[in-house]
Structure formats: C-alpha cells, structure tokens
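Residue numbers (our numbering): 254 to 513. This report concerns only the one structure given below.
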C-alpha cells in the first residue's frame, strides 16, 4: 500500500492506508463528484430557457424560424442543455478529485504536469466552443439558409433538431481543440513521438477528413469546417511535442538511437 500524506485522508497520522481506507476515500470522492454534477445540472436547468433564447437569437439573425412539433420537445431541449452543461461544469471538479486521489503516489513534476494538463485542457475546450459559436456555426447557418434563396421554401426548424445540432458542433469542436493537450500527454507518457506524427502527416490528414465526415452533419461544408482546424491543431501538436520531447529527454539521442 502507498503512504498517503494528505491531511484530508485517513492516513493523516503518517501510517499506511489499508485497502478499506483507499476504498472509503474513493467512495467519498465519487459521492462529492456525483453531488456536484447533480447541482450543476440543476443550475444549468434553471438557466436553460435563457440559453435556448441565446441559441435561437443566433439563428434568427439568418431568418430561421423555430417550432416544436411535440408537446415535450421544448422540455427535452432544456434537459439536454442542462445535462451537457452540467457535465462540462463538473469536469474540472472530477479532474481535481482524480488528482487528489492519485497525488500522494505522484512525483512533484508529475503533479505539476497533471495540473497543467487539466488547466490547458479546460482552456482548449472553451476556446473550441467559442470558435464554433463565433465562426463555425454562423458560417454553417448562413450557408444552409443561402441554399433556399430564390426558392419558395422557408426555414421552419424544429427547436430540438436545431439545439441538438448546435450542441453537437460545440462538443465536437471542444473535443477537437483538446488535440494538442492529448498529444503532449501521450508524448509525456512515451506513447507518442513527434517524428511519428510528422512522417504520418499525409495519412493523418486523410483520417481527419474521414473523422470529420463521421462526426459532422452530412454536408461537405461542415466537414471542411471541422477538418481544417483539426489539421491546424495537428501541426500545432507536432510543434509542441517536439519542444516537450527536447525538454523531457535532453539526452535521448546519446542514450538511445532513434529508429527509422
């Protein structure tokens, strides 16, 4: 068993924790995370009407009209927003408790790296969502509405379909912008080398377009709007991984010859 020196654990007297103590601490931390998640979902549910209005105002700028075609549809939209918002808000708390549980068994540099990864991961996710809200979604809405110009077809969109579309785009872009953090993390663990990424760049570009086709609505514009930032983030990931590899493995070339 590991020695845990944190004041909030059962081993505050400096003794080793038993398996039961580890399980109790894990249970307590899981309970805190679940409680925080429930509270976050309830808070998001309270503000969900304002969020629905914010989303619809974005569409109304391009002359979209929104309807709901089932009695429970508007409630389902608010519940979806609350659930996803609660998960996003709770993510830093969940990461903190994972860190707090594992911290006694980590070195100082590993603890610092974990905190930086969580911080930059949260920042990258928020930047991805903001990029989607300010650039990608308005472009998509304009493009789709422009298709009806010169016809007698008007856009009356189901509010559930519209909000699900927005939430999908936000989550996808938030996850896509995590690519640099994930790449650096895998490099730190020794599971990824920037040389591998650089040599496989062309193959990865093809895979990026295939992935964009899977995770986006079935239109070319959406796929391009996802694929282009992913390719840019891939280049950024290669650059960051090279820097991190030099910092973490300064003597690697003299101790271990590079393959390939």
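Backbone N, C-alpha and C fix where the C-beta goes; we use that ideal spot for every residue, glycine too. As the structure is a prediction and not an experimental result, all values here were calculated from the model.
C-alpha gap between residue i and residue j, whole angstroms
i           : j           : result
residue 495 : residue 301 : 43 angstroms
residue 409 : residue 338 : 26 angstroms
residue 319 : residue 475 : 21 angstroms
residue 539 : residue 314 : Here the chain comprises residues numbered 254 to 513, so residue 539 is not present and cannot be evaluated.
residue 278 : residue 382 : 34 angstroms
residue 217 : residue 291 : A query on residue 217 cannot be resolved here, the shown segment of the chain reaching from 254 to 513 and no further.
residue 352 : residue 367 : 7 angstroms
residue 309 : residue 484 : 30 angstroms
residue 333 : residue 346 : 21 angstroms
residue 298 : residue 336 : 8 angstroms
residue 452 : residue 342 : 38 angstroms
residue 316 : residue 413 : 17 angstroms
residue 281 : residue 294 : 20 angstroms
residue 387 : residue 394 : 12 angstroms
residue 439 : residue 458 : 19 angstroms
residue 359 : residue 417 : 40 angstroms
residue 296 : residue 454 : 43 angstroms
residue 467 : residue 369 : 31 angstroms
residue 331 : residue 340 : 14 angstroms
Cβ-based burial, residue i [other Cβ within 10 Å; buried from 16]
i           : result
residue 441 : buried
residue 488 : exposed
residue 549 : Outside the shown range of the chain (254 to 513) lies residue 549, about which nothing can therefore be said.
residue 426 : buried
residue 514 : In the structure as shown, the chain starts at 254 and stops at 513, and residue 514 therefore has no counterpart that could be examined.
residue 443 : exposed
residue 482 : buried
residue 400 : exposed
residue 403 : exposed
residue 498 : buried
residue 374 : buried
residue 456 : exposed
residue 372 : exposed
residue 324 : exposed
Contact set for residue i: own chain, Cβ-Cβ below 7 angstroms, skip 5 residues either direction
i           : result
residue 392 : 478
residue 480 : 461, 462 and 465
residue 419 : 308 and 390
Chain-order list of residues whose beta-carbon lies under 6 angstroms from that of residue i (same chain, five-residue window excluded)
i           : result
residue 432 : 486 and 490
residue 377 : 430, 431 and 434
residue 385 : 422, 423 and 426
residue 364 : 356
residue 304 : 334
Minimum Cβ-Cβ distance from residue i to chain B less than 8 angstroms
i           : result
residue 295 : Looking for chain B here will not work: only one protein chain is present.
Bridge partners - residue i, DSSP secondary structure assignment
i           : result
residue 410 : 319
Proximal residues to residue i (C-beta, below 8 angstroms), its chain only, five neighbours per side dropped
i           : result
residue 411 : 319, 320, 321, 322 and 326
residue 286 : 343, 346, 347 and 350
### Task
Mind listing, in chain order, the continuous alpha helix (DSSP H) runs of no fewer than 4 residues lying wholly within the segment 304-382?
326-355
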